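No gaps in the numbering here: position 239 of the sequence shown is 1290 in the numbering used here, and each next residue is one more. The beta-carbon is built from N, C-alpha and C at its ideal position, and this holds for glycine as well. Since the model is a prediction, treat every value here as computed from it, not as a measurement.
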Amino acid sequence: MTSRPVIDNLSSFWMPFTANRQFKAAPRLLESAKGMYYRTTDGREVLDGCAGLWCVNAGHSRDEIVAAITQQLNTLDFAPTFQMGHPLAFEAASKVAELMPAGLDRIFFTNSGSESVDTALKIALAYHRARGEGQRTRLIGRERGYHGVGFGGISVGGIAPNRKTYSGALLPAVDHLPHTHNLEHNAFSKGQPAWGAHLADELERIVTLHDASTIAAVIVEPVAGSTGVLVPPQGYLQKLRDICTKHGILLIFDEVITGFGRLGKATASEYFGVTPDLLTMAKAINNAAIPMGAVAASRTIHDTVVNNGAPGAIELFHGYTYSAHPAAAAAAVATLDLYRRDDLFGRAASLAPAFEAAAHALHDAKHVKDVRNLGLVAGIELEPRDGAPGARAYEAFVKCFEAGVLVRFTGDILAFSPPLIVSEEQIAHIFGTVRNVLATVQ
Ligand code: PXG
Ligand code: PLP
């Protein structure tokens, strides 16, 4: 049963990334959440197979995080961080820095992944300018990349519908690497596909075309999430790293989804053993309890920019009213403590084989043309319905929700990214429900 609205007017809220008319004709409303479960407004429990939007890695409404936020709001609700500070901002930054790859220990706070991406792109330009290479302004993204919805993010992003309407106003100096999705070679890969590292060599072609001296940075998601879970081919990320290093180009890993345990390590960088120069994060940084994002910059980048400023002058003209908001910072400190106390990244790593097996058990389920996975993230790609791309996955998504399991879909791909507290039984239940639902999907 689709839930009935408990309020009678759904029209004022213009919903993000939503088919508004379709949704409002048959809404799905969540009222509360605890641990692995949402509760709908009509009183049904729904198992969260996607950690909200890939963000609630410690599970919902965790007491420790709620208490920290509540106490913080009662103590210091807001404090400016422009030419002022508050202790928790510094504590949160130190705690985030501890989890970052070695050397990336300078943390700039934002309020979302989109802001983190724009911030990282701007830091890249500031760095090159500070070291006397201000002509390096070109940014390289990748087809099918998702880097949020700011003008910077959609410019380097590679999801066509997110760009089309705004195409006349995108950043002028951008190019894109090819994506790495290829079912002919890589269908049903478990973990990293064997084929495709050579696609990183396309960066050499782009560098030759524009000349290295004009290129500021390359930005990629280590595992592309939003586009439908694309796992990097073996060796691919290291090749990108090597080419960037060779040409003095900064490498940015957008870890908004992969950060904080999704792959069983604090970062994808740690998981793959490849260190970027800048790393963007958001979402699970504070279990999504309060909006927050951040950019980790290498010491070199930070020091180059900061030491280049005149004494007493602002070094980086950038920041948000809510950068390091006290409630968000309190949530981050409590969340990072919880991840450590409960070893949730280790838990994700130890669950990954069972998760992989449960996902790949659907290789012969109806409509399935690919299953792919890494850590606690998986994608199941469906054969699109003739003439109606996306309709089949949408039907599967709605039926899963009605059957008590929340999954995410994009195009005809179902995506799975449960909170890291998920149990093996719950993993089996998620994929078992999907199998049953797919059998009934047109
Ligand atoms: N970069 C990456 C890699 C992301 O995954 C963003 C930037 C933007 O973050 P904000 O906080 O501005 O949304 C993201 C966000 C989905 C989905 O359905 C994915 C995201 C957000 C919402 C939905 O796949 N990723
Ligand atoms: N627009 C106006 C008129 C503002 O005054 C400000 C901030 O002071 C902003 C936008 C930016 O808002 P934020 O700092 O929350 O990103």
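Residue span of the beta strand (DSSP E) that contains residue i, given as start and end
{"i": "I1266", "result": "1266-1271"}
{"i": "S1083", "result": "1081-1085"}
{"i": "D1305", "result": "1301-1305"}
{"i": "F1323", "result": "Segment 1319-1323 is the alpha helix (DSSP H) holding F1323; no beta strand (DSSP E) there."}
{"i": "F1406", "result": "No beta strand (DSSP E) contains F1406, which is instead part of the alpha helix (DSSP H) from 1395-1411."}
{"i": "I1478", "result": "Note, I1478: premise wrong, no beta strand (DSSP E); alpha helix (DSSP H) at 1475-1491."}
{"i": "G1344", "result": "1344-1348"}
{"i": "L1465", "result": "1464-1467"}
{"i": "F1160", "result": "1157-1161"}
{"i": "R1459", "result": "1459-1461"}
Host alpha helix (DSSP H) of residue i (start-end)
{"i": "Y1178", "result": "1164-1181"}
{"i": "Y1287", "result": "1287-1298"}
{"i": "R1072", "result": "1071-1076"}
{"i": "R1436", "result": "Where R1436 is concerned, there is no enclosing alpha helix (DSSP H), given that its DSSP letter is neither H nor E."}
{"i": "F1141", "result": "1138-1150"}
{"i": "I1341", "result": "Premise fails: I1341 is in no alpha helix (DSSP H) and is neither H nor E."}
{"i": "S1206", "result": "1202-1207"}
{"i": "K1450", "result": "1442-1453"}
{"i": "E1255", "result": "1253-1261"}
{"i": "L1250", "result": "No alpha helix (DSSP H) holds L1250; DSSP gives it neither H nor E."}
Coarse secondary structure for residue i, derived from DSSP in three states
{"i": "I1431", "result": "strand"}
{"i": "N1060", "result": "coil"}
{"i": "T1092", "result": "coil"}
{"i": "G1192", "result": "strand"}
{"i": "F1239", "result": "coil"}
{"i": "R1423", "result": "strand"}
{"i": "L1330", "result": "strand"}
{"i": "L1127", "result": "coil"}
{"i": "L1228", "result": "strand"}
{"i": "A1364", "result": "coil"}
{"i": "M1052", "result": "Confidence at M1052 is low in this model, with a pLDDT of 45, below 50, so its placement is unreliable and no value can be given for it."}
{"i": "H1025", "result": "Any property of residue 1025 remains undetermined from this structure, which presents the chain solely from 1052 to 1493."}
{"i": "A1098", "result": "Here residue 1098 turns out to be Leu, not Ala, going by the sequence shown. Note: L1098 maps to strand in three-state DSSP."}
{"i": "L1314", "result": "coil"}
{"i": "H1198", "result": "coil"}
{"i": "H1369", "result": "coil"}
{"i": "L1222", "result": "coil"}
{"i": "H1418", "result": "coil"}
Sequence-distant residues of its chain with Cβ nearer than 8 Å to residue i (five each side left out)
{"i": "M1052", "result": "Because the pLDDT of M1052 is 45, which lies under 50, any placement of that residue in the model is unreliable, and the number read from its coordinates should be weighed accordingly. If we look at M1052 and ignore the five residues flanking it on each side, its Cβ neighbours are D1093, R1095, E1453."}
{"i": "L1221", "result": "F1202, I1205, S1206, R1214"}
{"i": "P1056", "result": "With a pLDDT of 48 at P1056, under the threshold of 50, the modelled position of this residue cannot be trusted, and the question is left open."}
Close beta carbons around residue i, own chain, < 6 Å, minus the five adjacent residues each side
{"i": "I1341", "result": "A1378, A1379, A1382"}
{"i": "A1144", "result": "I1158"}
{"i": "F1160", "result": "A1345, S1374, A1375"}
9 Å Cβ cutoff met for residue i and residue j
{"i": "S1277", "j": "T1069", "result": "no"}
{"i": "Q1285", "j": "A1319", "result": "no"}
{"i": "T1326", "j": "G1154", "result": "yes"}
{"i": "I1472", "j": "D1415", "result": "no"}
{"i": "M1332", "j": "G1310", "result": "yes"}
{"i": "V1097", "j": "G1324", "result": "no"}
{"i": "G1242", "j": "L1413", "result": "no"}
{"i": "L1291", "j": "V1269", "result": "yes"}
{"i": "D1271", "j": "I1308", "result": "The sequence given here places Val at residue 1271; Asp does not occur at that position. Cβ distance not < 9 Å, so V1271 and I1308 don't count as in contact."}
{"i": "A1224", "j": "T1265", "result": "yes"}
{"i": "H1198", "j": "D1305", "result": "yes"}
Cβ neighbours of residue i in the same chain (closer than 7 Å, five flanking residues each side left out)
{"i": "A1444", "result": "L1433, F1460, G1462, D1463, I1464, L1465"}
{"i": "L1127", "result": "H1137, P1377"}
{"i": "C1106", "result": "K1334, A1335, A1339"}
{"i": "E1476", "result": "none"}
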